[in-house]
Structures are given as structure tokens and as C-alpha cells.
Amino acid sequence: MKMFREAMKEDAKVFYEMYEQLRDHVEKGCDKPSLQEYTELFSRLVEDENYKMWKILDENEKVVGAITANIRENLFHCKKIVYVDEIVISEESRGKGFGKKGLEFVADYYKKQGDVVKLELSTDYQNTPARGFYSHIGFDDYAALYKIKLHK
Numbered sequence: 244m245k246m247f248r249e250a251m252k253e254d255a256k257v258f259y260e261m262y263e264q265l266r267d268h269v270e271k272g273c274d275k276p277s278l279q280e281y282t283e284l285f286s287r288l289v290e291d292e293n294y295k296m297w298k299i300l301d302e303n304e305k306v307v308g309a310i311t312a313n314i315r316e317n318l319f320h321c322k323k324i325v326y327v328d329e330i331v332i333s334e335e336s337r338g339k340g341f342g343k344k345g346l347e348f349v350a351d352y353y354k355k356q357g358d359v360v361k362l363e364l365s366t367d368y369q370n371t372p373a374r375g376f377y378s379h380i381g382f383d384d385y386a387a388l389y390k391i392k393l394h395k
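Residue 244 is where the sequence shown starts when you use the numbering used here, and the numbers rise one by one after that.
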């Protein structure tokens with residue numbers, strides 16, 4: 244059984260519904276896209292060679308999570324850095340190792356490419372369960388992320 248499957252265009256609704264579970268943990272005022280908006284962007288990203296999306300499956304091949312990542316070039320390192328945009332595990336499947344296995348899978352996937360020097364991710368500062376999880380599995384809390392809204 245394959246625990247991770249690369250997303251296809253028809254998976255947009257599955258990802259959309261999975262990501263709804265993140266909304267309680269992200270910044271307030273984060274606009275919720277319509278399913279149509281989400282599906283249009285999802286379809287473009289599926290075709291983007293630098294952007295990857297995987298479904299995380301349990302032993303019965305039920306979707307229990309999703310993870311997305313993209314590669315960016317970095318002038319300082321003159322190498323590539325992979326950034327995990329989102330990882331979400333369904334509420335009933337949390338604490339069963341799916342998140343850790345998902346991040347290990349992504350790290351292994353990009354290690355094989357040879358020129359990717361590190362994996363980064365971020366989470367809302369107030370999301371202490373996620374911050375604790377990332378620290379527990381070996382991520383360093385090493386930077387601060389700052390933002391400014393461009394549109395109201």
C-alpha cells in the first residue's frame with residue numbers, strides 16, 4: 244500500500260475540505276476562498292513542476308491528510324530550498340504518526356534531488372500544538388516571519 248499519492252486535478256474538493264480543518268488554527272480574518280476559486284488555483288498548481296501536493300492515506304486508503312510543498316531558488320545558498328506550504332491531518336487521525344511520516348516523506352523526496360539544501364515550514368505563532376509538534380520531530384525554531392497586509 245502506498246501511503247502518499249500525488250494529487251490530481253480531481254482531488255481539489257478533498258484538499259479544500261481537509262484545509263477547512265486548518266481554519267481554526269490560522270490567523271483570524273483569513274479569507275475563505277470559494278470552492279470554484281480554490282479548484283481553479285489547485286488545477287494550476289497541479290501542473291506546476293515546482294509545486295507538489297500529496298494526499299496522505301491510512302492503511303484502508305482513506306485520505307487522512309494533505310501536504311503541499313514548493314521549491315524556490317535561494318541566492319544566499321545558490322541552491323534550492325523546499326518550503327512546506329501546508330500540512331493538515333484530519334482531527335480523528337492526529338497523534339497517529341501521519342504528520343511525522345508526511346514530513347519525512349517530503350524530506351526524502353527532495354533529498355533525492357541532490358541540490359535541495361533544506362526544508363522549511365512555518366505556522367501561526369499562536370498555534371502552540373503545531374509548534375510543539377514541529378520541535379518534537381526535530382525542526383529548529385530559528386526565525387521569525389513578518390507580514391504586512393497589502394489589501395484590506
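All residues carry an ideal CB built from backbone N, CA and C; glycine is no exception.
Buried/exposed call for residue i, threshold 16 Cβ in 10 Å
i, result
"Y377", "buried"
"I310", "buried"
"L346", "buried"
"I332", "buried"
"K298", "buried"
"G381", "exposed"
"Y368", "exposed"
"G357", "exposed"
"Y353", "buried"
Cα-Cα separation between residue i and residue j, rounded to whole angstroms
i, j, result
"F319", "G340", "34 Å"
"T366", "R374", "7 Å"
"P372", "R337", "11 Å"
"K323", "N293", "11 Å"
"Y385", "Y281", "32 Å"
"N370", "L393", "23 Å"
"Y262", "K355", "28 Å"
"K275", "E334", "20 Å"
Proximal residues to residue i (C-beta, below 6 Å), its chain only, five neighbours per side dropped
i, result
"K305", "none"
"K295", "A312"
"V360", "H320 and K322"
"F348", "F247"
Beta-bridge pairing of residue i - partner residues as DSSP gives them
i, result
"K354", "Its beta-bridge partners do not exist; DSSP assigns none."
"E316", "K323"
"G338", "None; G338 has no bridge partner."
"T366", "Looking at the DSSP assignment, T366 forms no beta bridge with any residue, so it has no partner."
"M296", "T311"
"V306", "L300"
"F247", "I299"
Do the stretch 270 to 290 and the stretch 248 to 261 touch if we need at least three Cβ pairs shorter than 8 Å?
Remark: three or more beta-carbon pairs, one from each stretch, lie closer than 8 Å, so the stretch 270 to 290 and the stretch 248 to 261 are flagged as touching.
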